[in-house]
Amino acid sequence: FMDALEQVAINGMMPDMTLIFDIDPAEGLRRATLRRGAEAVADRFEKETLAIHQARREAFLAIAKAEPERCIVVDAAAEPDAVENVVTAAVFAALAARAPARDRQATPA
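Residue numbers (the numbering used here): 206 to 314.
Encoded structure:
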């Protein structure tokens, strides 16, 4: 199912890097409630059952396992600074790997 959904969603295009922010679904829902406020209406994702969130998490982790060269799983339960450091390091490493080699010799004036 996820493969078919992915093909429709991306229309044959594949990202070079996918960051998967992994967190226990119950904790993710708790954070979402805190962020929006208990009195505010939950969005359609927040209204889904915990079982659906768990299945979605497992599906994303399966994609990450099948495509480790593209997918980076980030522990979203970590402290915000740690999450930022992991993301920054991954993005800069990917950019450095794709950057053209620079000519280190001085160019004549």
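The C-beta atom is built at its ideal place from N, Cα and C for all residues, glycine as well. The structure displayed is predicted, hence computed values, not measured ones.
task: Could you tell me the distance, in whole angstroms, from the CA atom of residue 217 to the CA atom of residue 224?
output: By one-based count along the sequence shown, residue 217 stands at place 12. By one-based count along the sequence shown, residue 224 stands at place 19. Taking the straight line joining both Cα atoms gives about 19 Å.
- request: Name, in chain order, the residues that DSSP records as bridge partners for residue 223.
  value: Walking along the sequence shown from the start, residue 223 turns up at place 18. Answer is 276.
- prompt: Any idea if residue 242 is buried or exposed, counting beta-carbon neighbours within 10 angstroms, 16 or more meaning buried?
  reply: Taking the sequence shown and counting its residues from 1, one reaches residue 242 at position 37. The residue is exposed, with fewer than 16 neighbouring Cβ atoms inside 10 Å.
Coil, strand or helix - residue 208 by DSSP: Here residue 208 corresponds to residue number 3 of the sequence shown, with the count starting at 1. It is helical.
task: List in chain order: all unbroken beta strand (DSSP E) runs of 3+ residues lying wholly within the stretch 227 to 310.
output: 276 to 280
- prompt: Would you report the Cα separation of residue 292 and residue 244, rounded to the nearest angstrom?
  reply: By 1-based counting over the sequence shown, the position of residue 292 is 87. By 1-based counting over the sequence shown, the position of residue 244 is 39. Rounded to whole angstroms, residue 292 to residue 244 spans 32 Å at the Cα level.
task: Determine the direct distance from the alpha carbon of residue 269 to that of residue 249, and round the result to whole angstroms.
output: Taking the sequence shown and counting its residues from 1, the one referred to as residue 249 is at position 44. Taking the sequence shown and counting its residues from 1, the one referred to as residue 269 is at position 64. Distance between the alpha carbons of residue 249 and residue 269 is about 25 Å.
task: Might you give, ordered along the chain, the residues of its own chain that have their beta carbon closer than 6 Å to the beta carbon of residue 237, omitting 5 neighbours on each side?
output: In the sequence shown, counting from the first residue as 1, residue 237 sits at position 32. Only 251 meet the Cβ criterion.
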